[in-house]
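Q:
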Amino acid sequence: MNILSILGIIIYLLIVLDVIQTTLSLQGGGWLTSRFSHFFWKGFLNISGKDGSSKFLSHAGYILLIAIVIIWVFALWSSMVLILYSNPGSIIQSSTKTTAGLWEVIYYSGFTLSTLGVGDFIAAGNYWRLLTTIYSFTGLILLTMSVTYFIPVLSAVIDQQKLGIKLSTLGSTPQEIVLNSWNKKDFSRLTNKIDDISDSIIKYSQHHRTYPVIHYFHNPNQSNNVVLQLARLYEALVILTHKIKKEKQPPLEDIRPLIVAFENYFKIISEVTHINIKEKNTAKISVAILQEHGLVSTTIEQKDIEENIMEKRRFFKTLLYQDGWEWADVEKEKLKI
């Protein structure tokens, strides 16, 4: 067995493993798919000028899906060509029995993967017939799995958009979310919705684990972009638990589902996006408007907030940057009272 054949076998095994991990595994995308997606998105983001509101970014998701399938097809195609071409006489012309050249091998490999089966070129022996059968089944399974993968991915993208819209109804800034939740007595306007919101965030997180590619289906609309809205909601949660006066804070039991949902979100997003938090500075928590309403404790300083909370705020800051936004966008929209 020569080097080209070994290389072809390695490529075949790597692509099959990547397809299985991406489409069937709950661990998310395969090694190749995950890294290609990451660099593909970085390229799109740089071309857009790192502007999250650019409509150009809204095309990244479906183009990425198409690109992934094309890579799978051409990699499998190339692996078969390498194996066959490195073994002269493995493929012959059906009528003249002459050995197939490079272009004929490429042609034969292509119609084998597509299960077309023209028949003008054939395998010269049992070993090559078996190889042809394996690649033919692989091509059929690849096309089937690609289609069945697309459907739940697009369904998960719809759920992602729905979550962004749902969270936008709470408010357009962290302070507005807190104020909209306050009924002059308690924060039941929010706590009554927490179970439903938490379930939606957990579902969104699990979709990210199973279909990491949905992370690159970008919504350029700042008012209901899911990453921005999650950052706003988490900032509102930090305000509720660390800035609001103790006697007015909602009971921990009421907001625990939301805390757990965010913990799950941070864990999964860290795994699937390979996020690297480089930003050490944390933006100051804005509570000026809440102070005017007498809701904020003046004795609690930002330095008194636990480091793990500040780390998660830095996580969101990095995530926003990678999505084309800045932390200022979390507070950008004007408060409407």
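Position 104 of the sequence shown, counted from 1, bears residue number 104 in the UniProt record's numbering, the numbering being contiguous throughout. For each residue, glycine too, the CB sits at the ideal point set by N, CA and C.
Using the rule of at least 16 other Cβ atoms within 10 Å of the residue's Cβ for burial, across every protein chain shown, is I68 buried or exposed?
A: Start at 1 with the first residue of the sequence shown, and residue 68 comes out as number 68. Classification of I68: buried, given that the 10 Å Cβ count is 16 or more.
Q: Three-state secondary structure (DSSP) at T298?
A: Stepping through the sequence shown from its first residue, residue 298 is reached at position 298. Reduced to three states, the DSSP call for T298 is coil.
Q: According to DSSP, what are the bridge partners of Q93?
A: As a first step, residue 93 must be located in the sequence shown, where it is residue number 93. F121.
Q: Measure the beta-carbon distance from R314 to I277 and round it to whole angstroms, keeping in mind my assumption that it falls under 8 Å.
A: In the sequence shown, the residue the question calls residue 314 occupies position 314. In the sequence shown, the residue the question calls residue 277 occupies position 277. The Cβ separation is near 5 Å, so the contact holds.
Q: Counting C-beta neighbours from all protein chains within 10 Å, is the total for K317 16 or more, i.e. buried, or is it exposed?
A: Translated into the one-based positions of the sequence shown, residue 317 becomes position 317. That one is buried.
Q: What are the complete alpha helix (DSSP H) segments, minimum 4 residues, inside the region 239–297?
A: Listed in chain order, they are 252–273, 288–292.
Q: Rounded to the nearest angstrom, how far is the Cβ of L320 from that of L233, given a contact under 8 Å?
A: Counting from 1 along the sequence shown, the entry for residue 320 is found at position 320. Counting from 1 along the sequence shown, the entry for residue 233 is found at position 233. The pair is not a contact, with the Cβ atoms about 13 Å apart (cut-off 8 Å).
Q: Return the Cβ separation of Q206 and L167 in integer angstroms, given the expectation that the two are a contact with Cβ distance under 8 Å.
A: Locating residue 206 in the sequence shown gives position 206, where the first residue counts as 1. Locating residue 167 in the sequence shown gives position 167, where the first residue counts as 1. Not quite, the Cβ-Cβ distance comes to about 17 Å (not below 8 Å), so this is no contact.
Q: Going by C-alpha to C-alpha distance, which of L64, L24, L82 sits closest to I6?
A: The residue labelled residue 6 in the question sits at position 6 within the sequence shown. Among L64, L24, L82, the Cα nearest to that of I6 is on L82.
Q: When the distance is taken between beta carbons, is T112 closer than 9 Å to T132?
A: For this step, residue 132 is matched to residue 132 along the sequence shown. For this step, residue 112 is matched to residue 112 along the sequence shown. Their beta carbons are under 9 Å apart, which means T132 touches T112 by this criterion.
Q: Should the region 172–192 be regarded as contacting the region 123–140, the criterion being three or more beta carbon pairs within less than 8 Å?
A: The region 172–192 is not in contact with the region 123–140.
Q: Note the first and the last residue of the continuous alpha helix (DSSP H) segment covering I309.
A: Mapped onto the sequence shown, residue 309 falls at position 309. 307–322 is the extent of the alpha helix (DSSP H) around I309.
Q: Hey, which unbroken runs of the alpha helix (DSSP H) at 4 residues or more fall wholly within the region 161–242?
A: Taking only runs of at least 4 residues, the alpha helix (DSSP H) segments lying wholly in the region 161–242 are 174–181, 188–191, 194–210, 226–242.
Q: Identify which residue in I92, K185, A75, K193 has its Cα closest to the Cα of T138.
A: Looking up residue 138 in the sequence shown gives position 138. The shortest Cα separation from T138 among I92, K185, A75, K193 belongs to A75.
Q: Compare the beta carbon distance of Q291 and T298 with 9 Å and say whether it is the shorter of the two.
A: What you label residue 291 is simply residue 291 of the sequence shown in a count that begins at 1. What you label residue 298 is simply residue 298 of the sequence shown in a count that begins at 1. In this structure, T298 lies closer than 9 Å to Q291 by Cβ.
Q: So, is W327 buried or exposed, given that buried needs 16 or more other C-beta atoms within 10 angstroms?
A: Taking the sequence shown and counting its residues from 1, the one referred to as residue 327 is at position 327. The residue in question, W327, is buried, as its Cβ has 16 or more Cβ neighbours within 10 Å.
Q: Is T99 helix, strand or coil by DSSP?
A: Translated into the one-based positions of the sequence shown, residue 99 becomes position 99. Correct three-state label for T99: strand.
Q: Determine the burial state of W325: buried for a count of at least 16 other Cβ atoms within 10 Å of its Cβ, exposed for fewer.
A: Against the sequence shown, residue 325 aligns to sequence position 325. So W325 ends up on the buried side.
Q: With a threshold of 8 Å, are at least 3 pairs of Cβ atoms found where one atom belongs to the region 45–65 and the other to the region 212–228?
A: Because the criterion of three Cβ pairs below 8 Å is met, the region 45–65 and the region 212–228 touch.
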